[in-house]
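Chemist: Count the sequence shown with our numbering and you get residues 72 to 265, in order.
Backbone N, C-alpha and C define an ideal beta-carbon position, used for all residues, glycine too.
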Amino acid sequence: MTSTPSCSALEFLSVPVSLFYAQLESNYRLYLETLFDDFLFTLTVYTVCRALLSITMQIPLVKWTEGLNIKTIVSISYVCYAVAAIGFAFSSSIFWLLSTAVLFTAAESMLLNHMQTFVSRLAPNHIRGGYFAFFGPHWDISRTIGPFLGGMIFIKFGGAALFLAIAGIMALGGIAQYRAVSRLKKLVLYSTWY
Numbered sequence: 072m073t074s075t076p077s078c079s080a081l082e083f084l085s086v087p088v089s090l091f092y093a094q095l096e097s098n099y100r101l102y103l104e105t106l107f108d109d110f111l112f113t114l115t116v117y118t119v120c121r122a123l124l125s126i127t128m129q130i131p132l133v134k135w136t137e138g139l140n141i142k143t144i145v146s147i148s149y150v151c152y153a154v155a156a157i158g159f160a161f162s163s164s165i166f167w168l169l170s171t172a173v174l175f176t177a178a179e180s181m182l183l184n185h186m187q188t189f190v191s192r193l194a195p196n197h198i199r200g201g202y203f204a205f206f207g208p209h210w211d212i213s214r215t216i217g218p219f220l221g222g223m224i225f226i227k228f229g230g231a232a233l234f235l236a237i238a239g240i241m242a243l244g245g246i247a248q249y250r251a252v253s254r255l256k257k258l259v260l261y262s263t264w265y
C-alpha cells in the first residue's frame, strides 16, 4: 500500500473511540452496579434502549450529516463522545443514563459510518480492501488492553475517575483526529463531500 501512513494515522487516532467502547463493554457494568440499587433492571433498560436508539437514529443521522465536511463530523462526534463519557461518570438516574446513551449513539452513528466512507475514498480502488483490513484492528487493540487498564483505574480511583479520564482522552483524540482528517482530506481530491 502506497499511502499506508495515512491509514495508520487514522487507525492510531481511532483508538480513543474503541477504548471508550471497551470500557462500556467491561468496566461500566461494574460501575453501574455501584450507582444503582436495581442494577440488573437498569442494565437491561440501558441495553434495550441503546439497541433501539442505534436502530432508530443511525440512518437518519447519517443521512442528515451527509452534506457536512468530515472535519465537522469529527468535531461534533468527539464532543458528543466526551460529553457522553462525563454523563457515564455521573449518571445516577435512568433519565440521565438514557440521555447519555442518546449522545453516545449520536456520536457513533455519525463518526463510525462517515470514517468508513472517508477511508474508502482515501484508499486507491485496487487496494481498498487492504485499507479496511488495516483500519479495523484498533477495535481489537482496545478490547485487549482497555478492560485491564480501565479496571486498574476503576479499582484505584473509581468509576467516575475512569470515565472522566475517558472524556479527556476523547477530547484530545478529537483534536488529533480533526487535524489528521484536515491533512488527509487533501488526498481525497475527487470528492466534493469531504
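Is the beta carbon of L182 closer than 8 Å to that of S213?
Modeler: Within the sequence shown, residue 213 is the residue found at index 142, counting from 1. Within the sequence shown, residue 182 is the residue found at index 111, counting from 1. Against a cut-off of 8 Å, the Cβ pair of L182 and S213 comes out as no contact.
Chemist: Residue ranges of each alpha helix (DSSP H) run of no fewer than 4 residues wholly in the segment 103 to 170, ordered along the chain?
Modeler: Whole alpha helix (DSSP H) segments, 4+ residues: 110 to 135, 141 to 161.
Chemist: Going by DSSP in three states, S85 sits in which element: helix, strand or coil?
Modeler: Residue numbering aside, residue 85 sits at position 14 when the sequence shown is read from its first letter. S85 falls in the coil class under three-state DSSP.
Chemist: Between the segment 231 to 251 and the segment 77 to 95, are three or more C-beta pairs nearer than 8 Å?
Modeler: yes
Chemist: Between the alpha carbons of P220 and G138, how many angstroms are there, rounded?
Modeler: Counting from 1 along the sequence shown, the entry for residue 220 is found at position 149. Counting from 1 along the sequence shown, the entry for residue 138 is found at position 67. Per the sequence presented here, residue 220 reads as Leu, with Pro not at that position. When rounded, the distance between both Cα atoms is 38 Å.
Chemist: Among I126, S97, F161, F166, which has the Cα closest to the Cα of Y117?
Modeler: Position 46 of the sequence shown holds residue 117. It is F166.
Chemist: Among M128, F175, S125, which one has its Cα closest to the Cα of F91?
Modeler: Along the sequence shown, one-based indexing puts residue 91 at 20. Nearest C-alpha to F91: F175.
Chemist: Short check: CB of L123 to CB of T113, under 8 Å?
Modeler: In the sequence shown, counting from the first residue as 1, residue 123 sits at position 52. In the sequence shown, counting from the first residue as 1, residue 113 sits at position 42. In this structure, L123 keeps its C-beta atom at 8 Å or more from the C-beta atom of T113.
Chemist: With a cut-off of 8 Å, does the C-beta of I237 fall near any C-beta of chain D?
Modeler: No chain D is part of this structure, which consists of one protein chain only.
Chemist: Pull up the distance between the alpha-carbon of I224 and that of L233, whole angstroms please.
Modeler: In the sequence shown, residue 224 corresponds to position 153, counting from 1. In the sequence shown, residue 233 corresponds to position 162, counting from 1. Straight-line Cα distance between these residues: approximately 6 Å.
Chemist: If you draw a straight line from the C-alpha of I126 to the C-alpha of K134, how long is it?
Modeler: Taking the first residue of the sequence shown as 1, we reach residue 126 at position 55. Taking the first residue of the sequence shown as 1, we reach residue 134 at position 63. Roughly 14 Å between the two C-alpha positions.
Chemist: Is A155 near R121, with beta carbons less than 8 Å apart?
Modeler: Counting from 1 along the sequence shown, the entry for residue 155 is found at position 84. Counting from 1 along the sequence shown, the entry for residue 121 is found at position 50. No; because the gap between Cβ atoms is not below 8 Å, this pair is not in contact.
Chemist: Relative to the alpha-carbon of K256, which residue among D109, L106, F228, I144 has its alpha-carbon at the smallest distance?
Modeler: Taking the sequence shown and counting its residues from 1, the one referred to as residue 256 is at position 185. Closest by alpha carbon: I144.
Chemist: Could you check the C-alpha separation between W264 and H185 for me, to the nearest Å?
Modeler: Residue mapping note: residue 264 aligns to position 193 of the sequence shown, counting from 1. Residue mapping note: residue 185 aligns to position 114 of the sequence shown, counting from 1. With a pLDDT of only 46 at W264, under 50, the local geometry of the prediction cannot be trusted, and no value is derived from it.
Chemist: Measuring CA to CA, which of E82, Q248, Y99, I216 is closest to G158?
Modeler: Taking the sequence shown and counting its residues from 1, the one referred to as residue 158 is at position 87. When only C-alpha atoms are compared, the closest one is Y99.
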